[in-house]
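**Student:** Numbering (numbering that gives the first Met the number 0), first residue to last: 0 to 487.
Note that the Cβ used here is the ideal one computed from N, Cα and C, for glycine as well.
Attaching a single structure in structure tokens format; questions to follow.
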Amino acid sequence: MEAQETKFSFVYHEVKQRILTNQIPPGDYMPSSRILCHQFNVSRYTINRVFEALQKEGYIEIKPRIAPIVLPREAVIQQENEGIDILRSRDNILQLYQTFALILPSLLSFAAKHCDLEILYHYKKAMKVSRIGISAGGWRPVSNLLKEILTIGGSPLLGNLYSVFELHSHLSFFTENSTFFLKVLRKDSIPITANLISILKEKDTHVMYTQLTHLLHKFVYAVQETLQHLADTLETYPLQSPAAFSWRPTRGKDYFYTRIVSDLNRKIGRGDYPRGTFLPSEKQLAAIYNVSVSTIRKALTELSQRGFVRTINGKGTMIINPDDTRVRQMLPNPGRTEEALRYLHALQLLALIIHPATVNAAAKFKKRELKSLEEKLYLPDSICIIDIFEAILYHTDAQPLKSILEEAFRLTEWGHYIAYYDHKKQVLQTVNKGLRLAVHELHTGDYIEFANRIADSYYHIFQHARDIMTNKYGFSSAASIQLPEKYY
């Protein structure tokens, strides 16, 4: 497995990036140690080490009994070098904006419907800067409002996803340091900030979705033109940096064994390890994943607690039919409650974004792939949506979109029993039937209808999982998680 990032490393790089991208501008105070401890799920010792490292590099000043203050960055980063840094990440930045232009319309339309904008903390500040546009730091209140809408009206998972977009998008460069960007963006008479807030107040969410799509495409065009203009001003074009976007909402709780559990869960559901067969031995699994045997034992214990395997002394670990009683035992545990909510929020996220992602990937499917998918669709007990999702992921070119889809899907593997095996596998049969029709649409070249049926499958899975957790297992928190609207 890939090397695991230390807690200090990921907190340090993320906090530093917030300073460099002007999310925390010079003169502002850093969030307190207590807030950062909660946000990153780390100790105060780790946060203090991060502060000390940032102070040594000249980014912040630490004073007794108050939060550290961000220092002016003339000594840290020269503005003339920022353009070169931006161009080194040109492809990554453009893909990031294209990805969020693709998925934000559905996320914001859904979330804005479920919260009262005018009582949100950042609403008045965003309205105030809407009079002067998004220059002069005006992007921060507006961006904070969007994050607040996604968190309160949607879920903490959506808010976390937008936070990562902020971290990698270099919004401050475009809105504060590039007059060319603002010139392109202001071709229309209505300021984009005022227009955005007006759209978010729209009562008809389908109209909101259409208008947000149009507005965000304009934003992407302005970014694209600005990057090209910047490239034209330089004599030599810098080499492109490797893809940097990564979304890990479980950072700080993301241990090696949990990644192994997710991978084995996927392989069991996909049919790589059929019911009644044995997993490779602990020693073999340790070699496959390049971890210790004790880490493998943790992973197998977790799979056993979820009811997917049973360890037989002297023989090994057998794949079994999922055990309903294990779900009942897990949900009352506070740690499991958090996992269950995250599972439902991840399913909700996939239901919201899978349609545009599928439309983008559909034309790239090959005939031999369709034949392979059709064969798997008729295998007994096969969770065919895993195979189709992996094919969509394979044909997704934009690295940020691929990262988001992959991580959201990983989070849904927690609830395979709940989603597919309840009610004598009727849900699995219903989903597989819909997927056969979806593949047929792909054969005929109807990519939109293919995407419609894939999205319908995720809506059905989400609604079933939420209802089962609420009604059968008494998990009352699930009832408050809203079913997304369909915007296709």
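Assign R72 to one of three DSSP states: helix, strand, or coil.
**Tutor:** Here R72 sits in coil by DSSP.
**Student:** Closer than 8 Å by C-beta to L378: which residues in its own chain qualify, once you throw out the five before and the five after it? Chain order, please.
**Tutor:** Counting only Cβ-Cβ distances below 8 Å, and skipping sequence neighbours, we find G270.
**Student:** For Y342, which beta-bridge partners are listed by DSSP?
**Tutor:** Its beta-bridge partners do not exist; DSSP assigns none.
**Student:** Could you check the C-alpha separation between R139 and F449 for me, to the nearest Å?
**Tutor:** Going by the C-alpha atoms only, they are around 39 Å apart.
**Student:** Applying the criterion that 16 or more other CB atoms from any shown protein chain within 10 Å of the CB defines a buried residue, is A345 buried or exposed?
**Tutor:** Under this definition A345 is a buried residue.
**Student:** For A478, which residues in the same chain have their Cβ closer than 6 Å to its Cβ, ignoring the five residues on either side in sequence?
**Tutor:** If we look at A478 and ignore the five residues flanking it on each side, its Cβ neighbours are T469.
**Student:** With DSSP collapsed to three states, give me the class of T316.
**Tutor:** Strand, per DSSP.
**Student:** Mind checking whether I352 and L404 have CB atoms under 9 Å apart?
**Tutor:** Closer than 9 Å, so yes.
**Student:** Pull up the CB-CB distance for H169 and T20, whole angstroms please, since I reckon it's below 8 Å.
**Tutor:** Contact holds; Cβ gap of about 6 Å.
**Student:** Between A454 and A350, how many whole angstroms is the CB-CB distance? I'm expecting something under 8 Å.
**Tutor:** Right, the Cβ-Cβ distance comes to about 7 Å (below 8 Å), so this counts as a contact.
**Student:** Based on the DSSP secondary-structure assignment, which residues constitute the bridge partners of I92?
**Tutor:** Paired residues: none, contrary to the question.
**Student:** Between which two residues does the alpha helix (DSSP H) holding R309 run?
**Tutor:** First-last for R309: 308-311, but that is the beta strand (DSSP E), not the alpha helix (DSSP H).
**Student:** Closest by CA to V141, which one among C383, Y342, S197, L372?
**Tutor:** Closest option to V141, Cα to Cα, is S197.
**Student:** Excluding sequence positions up to five away, which residues of its chain have a Cβ less than 8 Å from the Cβ of L86?
**Tutor:** Closer than 8 Å at the Cβ level, and outside the excluded window around L86, lie L226, L229, A230, L233, Y236, P237.
**Student:** Rounding to the nearest angstrom, what Cα-Cα distance links F7 and L441 in this structure?
**Tutor:** So the alpha carbons of these two residues sit roughly 47 Å apart.
**Student:** Would L53 be called buried (16 or more neighbouring beta carbons within 10 Å of its own) or exposed?
**Tutor:** Under this definition L53 is a buried residue.
**Student:** What number of angstroms, rounded off, separates the C-alpha of R409 from the C-alpha of P63?
**Tutor:** Going by the C-alpha atoms only, they are around 43 Å apart.
**Student:** Ordered along the chain, which non-local residues of its own chain (more than five positions away) have a Cβ less than 8 Å from that of I148?
**Tutor:** Correct list, in chain order: L107, A110, A111, C114, L116, L119, L199.
**Student:** Just tell me which of A360, S42, K55, H354 has its CA closest to the CA of P541.
**Tutor:** The structure shown does not extend to residue 541, since the chain is modelled only from 0 through 487, so no value can be given for it.
**Student:** Does the distance between the C-beta of P71 and the nearest non-hydrogen atom of the ligand COA fall short of 8 Å?
**Tutor:** Ligands are entirely absent from the displayed structure, and the ligand COA is therefore not among its contents.
**Student:** Taking all protein chains shown into account, do 16 or more other C-beta atoms lie within 10 angstroms of the C-beta of N143, making it buried, or fewer, making it exposed?
**Tutor:** It counts as buried.
**Student:** Quick check on the DSSP output: the alpha helix (DSSP H) that includes F164 runs from which residue to which?
**Tutor:** First-last of the alpha helix (DSSP H) with F164: 155-168.
**Student:** Per DSSP, which residues does E60 bridge with? Please list them.
**Tutor:** E60 pairs with I68.
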